[in-house]
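J.:
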Amino acid sequence: MTATAERQDQDPSESTMTTPRPRPSFPLPIGLLAVALAACGGGTNPSSGGGGADVLSLMRARGLSEADVTAALKTYTPSGKHDEYLTFASGGHGGNLIVIGVPSMRIVKYIGVFTPEPWQGYAYGDDATERVLDGGNRFGKRVEWGDMHHPALSETKGDYDGQYIFVGDKANARVAVVSLKDFMTRQLVTSSLIQSDHGAAFVTPDTDYVIETSQYPAPLGGGYAPIEEFNEKYRGAAIFWRFDRQRGLIDTAKSFAIELPPYMQDLADAGKLVSDGWAFMNSVNAERSYGGNLEGRPALEAGASQGDMDYLHCINWRLAESLVKAGKTRTIGDMTVLPLEVAASEGVLFFVPEPKSPHGVDITPDGKDIVVGGKLDTHATVYSFEKIKALAEAKQFAGKDPYGVPILDFKASIRGQCEIGLGPLHTQFDDQGFAYTSVFIESVIAKWSLKDLKVVHKLPMHYNVGHICAAEGDTVSPDGGYLLGMNKWAMDRFTPVGPLLPQNFQLIDVNGAGEMQLLYDMPIPLGEPHYAQMIKADKLKTIEYYSPVGSNPITHEKDPEATLAKQERVERRADGVHVWMTAVRSHFTPDTIRVKEGETVHLHITSVEQAHDATHGFALGSYDINLSLEPGRHSNVRFVADRAGVFPFYCTEFCSALHLEMAGYLLVEPKS
Ligand code: K7E
Ligand code: CUA
Numbered sequence: 016m017t018a019t020a021e022r023q024d025q026d027p028s029e030s031t032m033t034t035p036r037p038r039p040s041f042p043l044p045i046g047l048l049a050v051a052l053a054a055c056g057g058g059t060n061p062s063s064g065g066g067g068a069d070v071l072s073l074m075r076a077r078g079l080s081e082a083d084v085t086a087a088l089k090t091y092t093p094s095g096k097h098d099e100y101l102t103f104a105s106g107g108h109g110g111n112l113i114v115i116g117v118p119s120m121r122i123v124k125y126i127g128v129f130t131p132e133p134w135q136g137y138a139y140g141d142d143a144t145e146r147v148l149d150g151g152n153r154f155g156k157r158v159e160w161g162d163m164h165h166p167a168l169s170e171t172k173g174d175y176d177g178q179y180i181f182v183g184d185k186a187n188a189r190v191a192v193v194s195l196k197d198f199m200t201r202q203l204v205t206s207s208l209i210q211s212d213h214g215a216a217f218v219t220p221d222t223d224y225v226i227e228t229s230q231y232p233a234p235l236g237g238g239y240a241p242i243e244e245f246n247e248k249y250r251g252a253a254i255f256w257r258f259d260r261q262r263g264l265i266d267t268a269k270s271f272a273i274e275l276p277p278y279m280q281d282l283a284d285a286g287k288l289v290s291d292g293w294a295f296m297n298s299v300n301a302e303r304s305y306g307g308n309l310e311g312r313p314a315l316e317a318g319a320s321q322g323d324m325d326y327l328h329c330i331n332w333r334l335a336e337s338l339v340k341a342g343k344t345r346t347i348g349d350m351t352v353l354p355l356e357v358a359a360s361e362g363v364l365f366f367v368p369e370p371k372s373p374h375g376v377d378i379t380p381d382g383k384d385i386v387v388g389g390k391l392d393t394h395a396t397v398y399s400f401e402k403i404k405a406l407a408e409a410k411q412f413a414g415k416d417p418y419g420v421p422i423l424d425f426k427a428s429i430r431g432q433c434e435i436g437l438g439p440l441h442t443q444f445d446d447q448g449f450a451y452t453s454v455f456i457e458s459v460i461a462k463w464s465l466k467d468l469k470v471v472h473k474l475p476m477h478y479n480v481g482h483i484c485a486a487e488g489d490t491v492s493p494d495g496g497y498l499l500g501m502n503k504w505a506m507d508r509f510t511p512v513g514p515l516l517p518q519n520f521q522l523i524d525v526n527g528a529g530e531m532q533l534l535y536d537m538p539i540p541l542g543e544p545h546y547a548q549m550i551k552a553d554k555l556k557t558i559e560y561y562s563p564v565g566s567n568p569i570t571h572e573k574d575p576e577a578t579l580a581k582q583e584r585v586e587r588r589a590d591g592v593h594v595w596m597t598a599v600r601s602h603f604t605p606d607t608i609r610v611k612e613g614e615t616v617h618l619h620i621t622s623v624e625q626a627h628d629a630t631h632g633f634a635l636g637s638y639d640i641n642l643s644l645e646p647g648r649h650s651n652v653r654f655v656a657d658r659a660g661v662f663p664f665y666c667t668e669f670c671s672a673l674h675l676e677m678a679g680y681l682l683v684e685p686k687s
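First residue of the sequence shown: 16, per this note's numbering; consecutive thereafter.
(1) Tell me whether Gly342 is buried or exposed, calling it buried when 16 or more other Cβ atoms sit within 10 Å of its Cβ.
(2) Tell me whether Ser372 is buried or exposed, calling it buried when 16 or more other Cβ atoms sit within 10 Å of its Cβ.
(3) Excluding the five sequence neighbours on either side, which residues of its own chain have a C-beta within less than 6 Å of the C-beta of Ala167, listed in chain order?
(4) Using only alpha-carbon positions, find the residue among Glu434, Gly414, Gly306 that is nearest to Glu243.
(5) Between Ala54 and Thr228, what straight-line distance do the alpha-carbon atoms span, to the nearest angstrom?
(6) Starting from Lys473, trace the beta strand (DSSP E) both ways and give me its first and last residue.
(7) Within 8 Å, do at least three Cβ pairs link the stretch 597 to 609 to the stretch 653 to 672?
(8) Could you pull the DSSP bridge partners for Asp574 from this structure?
(9) Okay, do the stretch 549 to 562 and the stretch 101 to 108 touch, 3+ Cβ pairs below 8 Å being the bar?
(10) Where Ile539 and Lys89 are concerned, what is the direct C-alpha to C-alpha distance, given to the nearest angstrom?
(11) Using the three-state DSSP reduction, which class does Asn308 fall into: helix, strand or coil?
(12) I need the residues with a C-beta less than 7 Å from some heavy atom of the ligand K7E; please give them in chain order.
(13) With 16 other CB atoms within 10 Å as the buried threshold, where does Asp197 fall?
(14) Please confirm whether any heavy atom of the ligand CUA lies closer than 7 Å to the CB of Glu668.
(15) Within 10 Å of its beta-carbon, does Gly136 have 16 or more other beta-carbons around it, so buried, or fewer, so exposed?
(16) Using 8 Å for Cβ pairs, my map puts Pro475 next to Asp445. What's the rounded Cβ distance?
(17) Does the ligand CUA have even one heavy atom less than 7 Å from the beta-carbon of Met677?
(18) Would you report the Cα separation of Asp162 and Gly107, rounded to the nearest angstrom?
(19) Could you round the C-beta distance between Val732 and Leu327 to whole angstroms and report it? I think they count as a contact, below 8 Å.
(20) Between the Cα of Leu235 and the Cα atoms of Leu208, Ala285, Gly448, which residue gives the shortest distance?
(21) Any chance the CB of Ser453 is under 7 Å from a heavy atom of the ligand CUA?
(22) Could you tell me the alpha carbon to alpha carbon distance between Glu684 and Gln261, rounded to whole angstroms?
(23) Between Phe41 and Arg75, what straight-line distance do the alpha-carbon atoms span, to the nearest angstrom?
(24) Which partner residues of Met163 appear in the DSSP bridge assignment?
(25) Rounded to the nearest angstrom, how far is the Cβ of Gly214 from that of Pro232, given a contact under 8 Å?
(26) Can you give me the start and stop residues for the alpha helix (DSSP H) that Lys402 sits inside?
(27) Assign Ile385 to one of three DSSP states: helix, strand, or coil.
(28) Going by DSSP, name the residue or residues bridged to Pro368.
(29) Going straight from the alpha carbon of Arg584 to that of Thr607, what length do you get?
(30) Taking the alpha carbon of Asn297 as the reference point, which residue from Gly389, Leu264, Tyr561 has its own alpha carbon closest?
(31) Looking at Glu559: is its Cβ nearer than 8 Å to the Cβ of His627?
(32) Ignore the nearest five residues each way along the sequence and tell me which others in Leu579's own chain have a CB closer than 8 Å to its CB.
(33) Considering only the alpha carbon of each residue, which of His472, Gln411, Leu675 lies closest to Glu434?
(34) So, Val386 versus Thr344, is the Cβ gap smaller than 8 Å?
(35) Using 8 Å as the threshold, is the C-beta distance between Leu522 and Gly481 below it?
(36) The beta strand (DSSP E) with Ala294 in it runs from where to where?
Printed below as a string of structure tokens:
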């Protein structure tokens, strides 16, 4: 039975909280549509009794086609109903994660990750989150933005498990860990080893490791070498950050890296099922061009696209792990590194040529094939893991690169190529054996059969489509149904908002074996989101409040400075004035804080609430302090009261009828 028929039969009172995914095959004839709408109570004029006519006139008045209304029916999510999926989209250089419901495309949350986020009290004075952000300091310097590219949901046996999400920051070579219990960033890690990344974050099938691969080669460890010594002194690296699931943190001491030649390593993906234990990343610039267009050398991009082939990197990370345990490593900066010569000679690293300037590398759900899109090529190339493994094991090499890395024969390594169109980038998968590849130059998504490598449908995308994101699309069992096209720049699409264009996410019904159908356009008011992952919403198990009262939001343990009602107090100590404060509807205790100019102030504020709808905030203007006090959350803040005066503080969440009165004064008495 098609979802269309289901809709007609459905008693609205029986609808569940999760809207079933509609998968109609054909647009409805208008008359039938009107009847269906009327049966669903969709008439615009309740007194008319003839809802169908009203729907028709409404459609005419708004200039809507049958396809428009069908799309609306597939995305419209009535008040109070939840979305079936959540999409976690990168917020680009906004440095935040954006959480979007599917199919409604309603934004449900921003998560501060690389950028301080005031609403969440993320790094605006709150000590616990300040320390999280400081974990990503580069060479001792606080970096308050990030160029977020690829979110990776944690996996168990190759399936999203809804516990954590990891993201990479291309600009500052950082990886973040976000807990999906409370949608809070709990850790940032970075290594002096590499100076940028792009193949980040990607997880191995049980989230043993989070992969971060460098993009722009540089001397490992952050030192200097003349650029003329690029071939000898510049290197790439793939970091395997060890994830300790018990603690919910990356264990930097158990992490390691593999040194790579100075090609520009690009995206990565981890093998799964048959290819578990391996990771794959592609690269551009096998030419090792490094620019210098004012110094008589070719411009970087011209030099980097001269050759016909680049190298797909195939990494046996499980073997690398055992070589690391056997101590075949060097320490460079703060990282344990498996040297390039060891990786090349011991069977950790193999190259397979890949057509011109590849970009996406995506492992099929069965783990058998590796799909690579070549930006300057017209194919998606489908490599066979079985063939690669056999060639590697038989040591049947077509040659070696200048660093001694064995190269496998291209033809002998592939299962075939699918003629896609101009500029294939990224590939996703569904549950019916189809692959979907974004085609940047042509601005379409190509749907093709994995079995016979033939395109079955192309759907025009609005403009410069980059990544695409399918429901559970990177798992061993994708769901099909929905696909998100992530377009660069919302050219001509929405009401103009000045020269800086939003992005445009387009939701697509991928529709089983049929043709794809565009459902929804959504402007994204942040730039530039690169990738997203979509998870079944019922996999997430979020908390409603922090327990016990006085919990540190990062450790979820009771903070030593947590304060309960009646324990509020002020003490002067050698290191300054300590204020143990509570917040509860609708007051802070104490609400008067008296200090002397120049004193260091330590605020220890506990929300003693344990109800979901009892969040408070704590804003102290002029001192750049803003806390979120969710029920049960504790915050410690330290600052120097270096300006005498009267500073009101107040609650920033409209928590009760007396919310405006939830305020107090910091009185900083002048020294003299
Ligand atoms: Cu924009 Cu994956 Cu960084 Cu492609 S990447 S589009
Ligand atoms: Cu507490 Cu407003």
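Note that the Cβ used here is the ideal one computed from N, Cα and C, for glycine as well.
T.: According to the data block:
(1) Locating residue 342 in the sequence shown gives position 327, where the first residue counts as 1. By the neighbour-count criterion, in which 16 or more other beta carbons inside 10 Å mark a residue as buried, Gly342 falls on the exposed side.
(2) The residue given as residue 372 occupies position 357 in the sequence shown. So Ser372 counts as buried.
(3) Position 152 of the sequence shown, counting from 1, holds the residue named residue 167. Hits under 6 Å: Phe181, Ala216, Phe217, Val218.
(4) Along the sequence shown, read from residue 1 onward, the residue named residue 243 stands at position 228. Nearest Cα to Glu243 within the set Glu434, Gly414, Gly306: Gly306.
(5) The count along the sequence shown starts at 1 and reaches residue 54 at position 39. The count along the sequence shown starts at 1 and reaches residue 228 at position 213. For Ala54, the pLDDT reaches just 48, beneath the cut-off of 50, and the residue's location in the model is therefore unreliable, although a value from the coordinates is still provided. Here the alpha carbon of Ala54 sits roughly 55 Å from the alpha carbon of Thr228.
(6) Taking the sequence shown and counting its residues from 1, one reaches residue 473 at position 458. It spans 469 to 475 - the beta strand (DSSP E) in which Lys473 sits, taken as one unbroken run.
(7) Taking a contact to require three or more Cβ pairs closer than 8 Å, the stretch 653 to 672 and the stretch 597 to 609 qualify as touching.
(8) Here residue 574 corresponds to residue number 559 of the sequence shown, with the count starting at 1. For Asp574, which the question treats as bridged, DSSP gives no partner whatsoever.
(9) Yes: at least three Cβ pairs fall under 8 Å.
(10) In the sequence shown, counting from the first residue as 1, residue 539 sits at position 524. In the sequence shown, counting from the first residue as 1, residue 89 sits at position 74. If I take the Cα positions, the gap works out to 21 Å.
(11) What you label residue 308 is simply residue 293 of the sequence shown in a count that begins at 1. In the three-state reduction of the DSSP assignment, Asn308 falls in the coil class, being assigned neither a helical nor a strand state.
(12) Checking every Cβ against the heavy atoms of the ligand K7E under 7 Å gives His164, His165, Lys185, His213, Leu282, His374, Gly375, Leu440, His441, Gly481, His482, His545, Tyr546.
(13) Numbered from 1 along the sequence shown, position 182 holds the residue referred to as residue 197. The residue is buried, with at least 16 neighbouring Cβ atoms inside 10 Å.
(14) Here residue 668 refers to the residue found at position 653 when the sequence shown is read from its first residue. It does: the Cβ of Glu668 is within 7 Å (strictly closer) of some heavy atom of the ligand CUA.
(15) For the purposes of this step, residue 136 is identified with residue 121 of the sequence shown, where counting begins at 1. Around the Cβ of Gly136, a 10 Å sphere holds 16 or more other Cβ atoms; the residue is buried.
(16) Numbered from 1 along the sequence shown, position 460 holds the residue referred to as residue 475. Numbered from 1 along the sequence shown, position 430 holds the residue referred to as residue 445. Contact between Pro475 and Asp445 is absent: CB atoms are separated by about 19 Å, not below the 8 Å threshold.
(17) Within the sequence shown, residue 677 is the residue found at index 662, counting from 1. It does: the Cβ of Met677 is within 7 Å (strictly closer) of some heavy atom of the ligand CUA.
(18) Along the sequence shown, read from residue 1 onward, the residue named residue 162 stands at position 147. Along the sequence shown, read from residue 1 onward, the residue named residue 107 stands at position 92. Asp162 and Gly107: Cα-Cα distance of roughly 5 Å.
(19) Residue numbering for the chain in the displayed model covers 16 to 687; residue 732 lies beyond these limits and cannot be assessed.
(20) By 1-based counting over the sequence shown, the position of residue 235 is 220. The residue from Leu208, Ala285, Gly448 with its alpha-carbon nearest to that of Leu235 is Leu208.
(21) Taking the sequence shown and counting its residues from 1, one reaches residue 453 at position 438. Result no, Cβ not under 7 Å from the ligand CUA.
(22) For this step, residue 684 is matched to residue 669 along the sequence shown. For this step, residue 261 is matched to residue 246 along the sequence shown. For Glu684 and Gln261, the distance between alpha carbons rounds to 48 Å.
(23) Working through the sequence shown from its first residue, we reach residue 41 at position 26. Working through the sequence shown from its first residue, we reach residue 75 at position 60. Per-residue confidence for Phe41 stands at a pLDDT of 42, beneath the threshold of 50, marking its modelled position as unreliable; the derived number appears in the next sentence. Computed Cα separation, rounded: 21 Å.
(24) For the purposes of this step, residue 163 is taken as residue 148 along the sequence shown, with counting starting at 1. DSSP lists Asp184 as partners of Met163.
(25) Residue 214 sits at position 199 when you count from the first residue of the sequence shown. Residue 232 sits at position 217 when you count from the first residue of the sequence shown. So it is not a contact: roughly 13 Å between Cβ atoms.
(26) The residue given as residue 402 occupies position 387 in the sequence shown. Note, Lys402: alpha helix (DSSP H), 400 to 408.
(27) Locating residue 385 in the sequence shown gives position 370, where the first residue counts as 1. Under the three-state reduction of DSSP, Ile385 is assigned to strand.
(28) Sequence index remark: in the sequence shown, residue 368 carries index 353 (1-based). Here Pro368 is bridged, per DSSP, to Tyr326.
(29) The count along the sequence shown starts at 1 and reaches residue 584 at position 569. The count along the sequence shown starts at 1 and reaches residue 607 at position 592. Answer to the nearest angstrom: the Cα atoms are 11 Å apart.
(30) Residue numbering aside, residue 297 sits at position 282 when the sequence shown is read from its first letter. Nearest C-alpha to Asn297 among Gly389, Leu264, Tyr561: Gly389.
(31) Here residue 559 refers to the residue found at position 544 of the sequence shown. Here residue 627 refers to the residue found at position 612 of the sequence shown. The answer is yes: Cβ separation under 8 Å.
(32) As a position in the sequence shown, residue 579 is number 564, starting the count at 1. Listed in chain order, the non-local C-beta contacts of Leu579 below 8 Å within the same chain comprise Val564, Gly565, Thr597, Thr621, Val623, local neighbours out to five positions each way being set aside.
(33) Stepping through the sequence shown from its first residue, residue 434 is reached at position 419. The option with the nearest alpha carbon to Glu434 is His472.
(34) Walking along the sequence shown from the start, residue 386 turns up at place 371. Walking along the sequence shown from the start, residue 344 turns up at place 329. No, the pair does not count as a contact, with Cβ atoms beyond the cut-off.
(35) Counting from one through the sequence shown, the residue named residue 522 turns up at place 507. Counting from one through the sequence shown, the residue named residue 481 turns up at place 466. The answer is no: Cβ separation not under 8 Å.
(36) Here residue 294 corresponds to residue number 279 of the sequence shown, with the count starting at 1. Counting along the chain, the beta strand (DSSP E) containing Ala294 begins and ends at 293 to 299.
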